Amino acid sequence: MDDQTRIMHALGGVGLGVQGGVQGGMQGVQVAMHGHEGADGDARKQDIGDILHQIMAITDQSLDEAQAKKHGLNCHRMKPALFSVLCEIKEKTGLSIRGAQEEDPPDPQLMRLDNMLLAEGVSGPEKGGGSAAAAAAAAAAAGGASDNSIEHSDYRAKLSQIRQIYHTELEKYEQACNEFTTHVMNLLREQSRTRPISPKEIERMVGIIHRKFSSIQMQLKQSTCEAVMILRSRFLDARRKRRNFSKQATEILNEYFYSHLSNPYPSEEAKEELAKKCSITVSQVGVAVSNWFGNKRIRYKKNIGKFQEEANLYAAKTAVTAAHAAAVQNSQASSPSTPNSGFQMKDEEFQLDSAESKNSLLTNMFTAPCLPPNVTV
DNA sequence: GTAGATGATTTAAG
DNA sequence: CTTAAATCATCTAC
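Here the working numbering is used: the first residue of the first sequence is 190, the next is one more, and so on.
Here's what the structure looks like:
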């Protein structure tokens, strides 16, 4: 843009402003001047008339002439006052146009998105990246790395990936916003030398820019939310899906259950032990075992008859194991171990039986199923 | 597709 | 908190 057009542009802005409110503007100038210097107001009026005349005639002048005039105008002592009045007029007309659109209440949609992102751990305090990877590694190392822990760490990894993308994008947007804002501000400040721009106007422009950028950010947040939701439905809900324990695991649990039928409440340590034996590596190791025992107790109690066969089977198994253990102990040393107090009775019972061992129990199994003595029905 | 089995979740009580 | 009981949701075998 060459200088002449720039000047014309600038003055065009002035012209519009004057057209919009030339009466008030002129009065304002006059009032302002009267306030200060009263007497020679007429002379000043003449000055302004000259200026306006020069402005109107500007297109007839050559470039050099215009440059000189521009410089003259820029340095004119009346310029600040004139610009300030013009700014005022612009402000007033602008207010009537923009009006109530100014205030900007926090968008509920945006707040919802923000809250969700915070809740999902996407925004908010950093806890992803290294620590997530470490946790995943720990989970994998903790046990045989079951499907669950794999899925979980996979989920965490994906989430932190989303998180990272979200943060870099957000940062990019913020940076772009800042850059653009400073650029516009500099431009406006620069232009405020050649056309009337009030600081308020610049401020408003900054506000507009920020709003635009935040609406872009909202799109980012929206798509991030969507990504998280998809991830959730794919992983967490899949994780919820029930998977039966392995045959071996059920075996181990049943063994414990029926050999502790009088008190089928494994301690925390026992649960952990069982979980380890069953290679259950769910997020909360003990819970699956607790669930199993809870279900087993209630279902056993509800229908003992149905479980009788199973009970006998496992009783026999335990008896065999116990007998074997006893045999080993007898052949090697003579220091019987002392099992847990609560279960001792039951164990001893089987150990006593183990003298004539498996035969009696096996026959028993098909004739008279042994009801557990201590269980209330 | 269905019935029964089974692991998980919810609810309520202690 | 743990547990019993009810219930849900899925798996499995047919």
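Note that CB positions come from ideal geometry on N, CA and C, so glycine has one too.
Keep in mind the model is a prediction, meaning the values are calculated, not measured.
With 16 or more neighbouring CB atoms inside 10 Å of its own CB, residue 501 falls in the buried class. A straight-line Cα-Cα distance of about 24 Å links residue 455 and residue 513.
With a threshold of 16 other beta carbon atoms within 10 Å, residue 279 meets it and is buried. In this structure, DSSP gives residue 313 a state outside helix and strand, which the three-state scheme calls coil. By the CB criterion at 8 Å, residue 445 and residue 406 fall outside the cutoff. Judged by their CB atoms, residue 263 and residue 382 are nearer to each other than the 8 Å cut-off. When the five nearest sequence neighbours on each side are left out, no beta carbon in the same chain lies closer than 8 Å to the beta carbon of residue 231.
Taking a 10 Å sphere around the C-beta of residue 308, we find fewer than 16 other C-beta atoms and assign the residue as exposed. For residue 388, the number of other beta carbons within 10 angstroms of its own is below 16, and it is reported as exposed. Less than 8 Å divides the Cβ of residue 395 from the Cβ of residue 370. Within the region 387–459, the complete alpha helix (DSSP H) segments at least 4 residues long are 388–429 and 436–448, listed from N- to C-terminus. For residue 297, the uninterrupted alpha helix (DSSP H) run begins and ends at 297–308, by DSSP.
DSSP places residue 269 within a helical segment (H, G or I) once states are collapsed to three. Within the same chain, 403, 407 and 410 come within 8 Å of residue 299 by CB-CB distance, once the 5 residues on both sides are set aside. CA-CA distance, residue 353 to residue 391, rounds to 34 Å. Contact check for residue 448 and residue 507: beta-carbon distance about 4 Å, within the 8 Å limit, so the pair qualifies. Contact annotation, residue 475 with residue 457: C-beta distance approximately 6 Å; criterion of less than 8 Å satisfied. Assigned with DSSP and collapsed to three states, residue 484 falls in helix.
For residue 239, the enclosing alpha helix (DSSP H) stretches over residues 230–245.
Judged by beta-carbon spacing, residue 460 lies within the 8 Å limit of residue 479, meaning their Cβ atoms are closer than that value.
Excluding five sequence positions before and after residue 366, the CB atoms of its chain that fall closer than 6 Å to its own CB belong to 402, given in chain order.
Shown here for residue 496: same chain residues with a beta carbon closer than 6 Å to its own, the five before and five after excluded, namely 489 in chain order. Separation of the CB atoms of residue 416 and residue 469 is rounded to 31 Å, and the pair is thereby denied contact status at 8 Å. Within the same chain, and ignoring the five residues on either side of residue 313 in sequence, the residues whose Cβ sits closer than 6 Å to its Cβ are 307.
By the neighbour-count criterion, in which 16 or more other beta carbons inside 10 Å mark a residue as buried, residue 376 falls on the exposed side. Non-local beta-carbon contacts of residue 420 in its own chain, meaning distances under 6 Å to residues more than five positions away in sequence, involve 347 in chain order.
Taking the CA atoms as reference points, residue 234 sits about 19 Å from residue 258. Using a Cβ distance threshold of 8 Å, residue 487 and residue 467 do not count as a contacting pair. Put simply, the backbone Cα of residue 380 is about 46 Å away from that of residue 349. In this structure, DSSP gives residue 381 a state outside helix and strand, which the three-state scheme calls coil. In the three-state reduction of the DSSP assignment, residue 367 falls in the helix class. In the three-state reduction of the DSSP assignment, residue 467 falls in the coil class, being assigned neither a helical nor a strand state. Distances from the alpha-carbon of residue 397 to those of 378, 373, 418 and 385 put 373 closest.
Going by C-alpha positions, residue 355 is about 8 Å away from residue 311. Here residue 239 is actually not in contact with residue 267; their C-beta atoms are around 10 Å apart, not less than 8 Å.
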